Every structure is written in C-alpha cells, then in structure tokens.
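Chemist:
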Amino acid sequence: MNYRHLLVFIAVICLCACQAPEGERSVQESSSAQSLKSAFADDFFLGVAVSANHINGNKPREMELVAREFNAITAENSMKSMNIHPERDSFFFDEADRLMVFAEENDMHFVGHALVWHSQQSPWLEKITDSAEMAIALTEHINALVTRYIGKVDAWDVVNEALNEDGSYRESNFYKVMGRDYLLHAFREAQKADPEVDLIYNDYNLWKPEKRAGVVRLVKWLQDEGIDVDAVGMQGHWSLIGPDLSDVEASINAYAELGVDVLVSELDVTALPNPWDLEGAEISQNFEGSEYMDPYRSGLPDSVQLLLAERYEDIFRLFLKHRDKLTRVSFWGVCDGHSWLNGWPIEGRTNYPLLFDRSLKNKKAYDAVMALSNLEAEE
Ligand code: 9MR
C-alpha cells in the first residue's frame, strides 16, 4: 500500500466509525442538538406561549430564549376578545401585531388564541342575549381577526373549552344564546375568512374518557356539516401524578382516527399539591399563605426536580411514539417564573412546571426531554 492508498484507507475507516447504522442518529448527534426546536425538528413543532410583558419588550432575555428554543408561538392573552376587541367598534391589535413581527423574523409557526372563549371575554360580547345578534357579533369578531392575519397566523384556536367534564356542552353565554350552533357558526366563519388557515378545537382534560367522547361527537358533527377541522388541541395542564398517560394515549388515538391532527397546546406539569386532591377540600382563601400548599418557596428539592424530569421524560416518550399524529407540542409559558400556575388555583405560590427555571437555566426536565430526542429513530 503506497502513502496515498494508506491515507484513503484511514479516511474510509474514520468515516465508517463515525456513521451511525442506517435509520439511527448517533449519540453524539442526539446530544449535540442545540435547542428543543432542533432536537424535535423531524417530529413536531415545539411551541411556547408568551405574555404581554414579553411582547412589550420587558423580557428581552426570555425572548432570546424563545427565539433560540422554539419554532411555534402563541399569545397567552393578547388575542383574547377582552384584550384585542375591547369595545364592539374598537380593536387593540398592537400586541398581536408586534408578536407577529417577532414570529416572522424568527420563522415561527403562529397560533392565534382564541377566537371564541367564554372566559376573558369582552363585556360587550357577554351582554348579547339575542341569537341573531350573537351570530352577527361572532362573524364580525372572527372576520376582523382572521382576515387581518391571513398568511401570518398559521392556525387558530377557533373555539376554546366548549365542553364540560362529562362531554356535554358548557352552558356558556354563547351556548345559552345560540345553542351548540355557535360552534358551527364560529368554525364556518373562520373557514370562510381564511380557507387556508388551520382550524383547531382546543380544550383541557381531553384525556378523560367522557370528555374524549364529547370531542369526538363534536368534531364528527362539524365534519358532517362540511367543516374541515384540522386539529384537536389537548391543552395538557398536568401534574406529577396525573393524568395516567394511557388515557392521554387513548385520546391521541381517538382524535387521530377522526382524520385530524392532534396538538398538545398548553403543556405544563405542576409540582405543587392540588387542593382538589384533598378530600372535602374546596378552593378557598384558607390555602393562601399555607406552607403545606406552597412547600417549595425557597427552591425545588432535587428529589422533586428528578420526579419532574422523569414525568417529562415519560410524557415526551409518549409524544414521540405518536409523532405521526402529533404536529405541535406547546408549553404554556417560557420559564417557571412566568407560569400562570404561580397564581392558580392559589394565588402567590412558587411553582416549577416548565423546562426553564426562574433564571432561565435548563432544568433536569429539559435535559431529560433533550436526551429523548432521537428515541424514535432507535426503536
Ligand atoms: O395563562 C393565562 C393566564 O395568564 C390568564 O390569567 C388566564 C385567564 O383565564 O388564562 C390563562 O391561559 C389559559 C388559556 O388561555 C386557555 N386554557 C387554560 C389556560 C390557563 O388558565
């Protein structure tokens, strides 16, 4: 073997040694992913909800993190009717517009949240008691928002939280005035306003069998009426112990069977005790200031940090198993300090539900999720 042959031989040996077997990504590759969005780029969008504070420029470091880690974004509150359409004849688009620019600059999938929701509702809308008038008001609201953001919003949560826990329709003001037809009307108007945009039904506790059956009934009805429902959004406000992931899996399968995408639209995992788990307990002022209900004010113990990491690992293992059905997983908040769970169901607690801590450092849960990012290729 002459010198040139020897060099080629060494190069080939090196190449073979560095390449993972067909279909597998090597450990080096998996651990070298620089962000959540790159780790799961072949699987689903990785999204995040941001607050008005973020949008208004008060959290530049958090927005840097958002741009680095995520490729989908939702306005946590800025596009809810109370904020974006406060009076019948006046809109406040500034925050949504600003967020849209950020999303465009960072090439992010944009989720509009939410066109029709009984909560955080504009007072003028809440006052309507006539069915024809409600239909007109919804048309105007939906049309104004959807047409303004054609080509910018990729997917709309068209109706949010329309069902009770047993799968029946929630007695919202919309339902009281129009019956279930308000849902059909909302989806129809959104579809008409932007035939290209994805239409989502979004709700919490969608792992519950009765609620699952309610969503299946609802989506089938909308489909029979000619609505091209694109996705069901399972919010995913979960805890260290529940829900059982087999229930989540059964729901993912049931929604996918309808021919729609499945999203996890508002993921967080509370690390704190839940007053409703206490027998006979009711949400009340009594819990405020209680150490029992707010045990980790000075930091999350390593043991719980580990439990959270394991829980997130199990959750993402399931998501990866169903990557053919899931198109987006969005976290409800940027970091622990920002989460709504510091204020609910008890005001002023210190919760730890997300992947980034209060100083924006990656938590163990982040590492656990990142380590899984190539699992599906190995199986
Ligand atoms: O995170 C939102 C919080 O800032 C608001 O105060 C709250 C008002 O109800 O809404 C929170 O977001 C909700 C979302 O819009 C719909 N699903 C449940 C979320 C948590 O409550």
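The sequence shown lines up with residues 405 to 783 when you count with my numbering. Quick reminder that beta carbons are idealized off the backbone N, C-alpha and C, glycines included. Quantities reported herein were computed from a predicted structural model and do not represent experimental measurements.
1. Leaving out five residues on either side along the sequence, give the residues of the same chain with a beta carbon under 7 angstroms from the beta carbon of Gln525.
2. For the ligand 9MR, I want to know if Gln627 counts as a neighbour, meaning its beta carbon is within less than 7 angstroms of at least one of the ligand's heavy atoms.
3. Considering only residues of the region 575–625, which uninterrupted alpha helix (DSSP H) runs meet the minimum length of 4 residues and lie entirely inside it, listed in chain order?
4. Tell me Phe735's beta-bridge partners as DSSP assigns them.
5. Quick check on the DSSP output: the alpha helix (DSSP H) that includes Met638 runs from which residue to which?
6. Who does Asn457 pair with in a DSSP beta bridge?
7. Under 7 angstroms: does the beta carbon of Ser523 sit that close to some heavy atom of the ligand 9MR?
8. So what does Tyr659 bridge to, in DSSP terms?
9. Per DSSP, what kind of secondary structure is Ser494 in: helix, strand or coil?
10. Assuming Met697 and Arg753 make a contact with CB atoms under 8 angstroms, what is their CB distance in whole Å?
11. Could you tell me the distance, in whole angstroms, from the CA atom of Met731 to the CA atom of Ile656?
12. Rounded to whole angstroms, what is the Cα-Cα separation between Gly663 and Lys615?
13. Report the residue from Gly618, Leu704, Glu544 and Glu565 whose alpha carbon sits nearest the alpha carbon of Arg592.
14. Using three-state DSSP, classify Arg570 as helix, strand or coil.
15. Is any heavy atom of the ligand 9MR found at a distance shorter than 7 angstroms from the C-beta of Trp736?
16. For Val557, which of helix, strand or coil comes out of DSSP?
17. To the nearest angstrom, how far is the alpha carbon of Ala597 from that of Ser523?
18. Expressed to the nearest angstrom, what Euclidean distance is found between the alpha-carbon atoms of Leu549 and Asp632?
19. Whose CA, out of Ile546, Lys531 and Leu745, lies closest to the CA of Val601?
20. Using only CA atoms, which one of Val520, Leu671 and Arg465 lies nearest to Ala566?
Modeler: Considering the structure as presented:
1. Ser485 and Met486
2. no
3. 577–582 and 585–597
4. Val452 and Leu671
5. Looking at the DSSP string, Met638 is not in any alpha helix (DSSP H); the run it does join, the beta strand (DSSP E), is Ala635 to Met638.
6. Note: Asn457 sits in no beta bridge, so no partner.
7. yes
8. DSSP, once it has assigned bridges, lists no residue as partnering Tyr659.
9. strand
10. 7 angstroms
11. Residue identity differs from the one stated: residue 731 is Thr in this sequence, not Met. In a straight line, the C-alpha of Thr731 is about 11 angstroms away from that of Ile656.
12. 18 angstroms
13. Glu544
14. Note that residue 570 corresponds to Asp in the displayed sequence, not to Arg. Asp570 falls in the coil class under three-state DSSP.
15. yes
16. coil
17. 23 angstroms
18. 19 angstroms
19. Ile546
20. Val520
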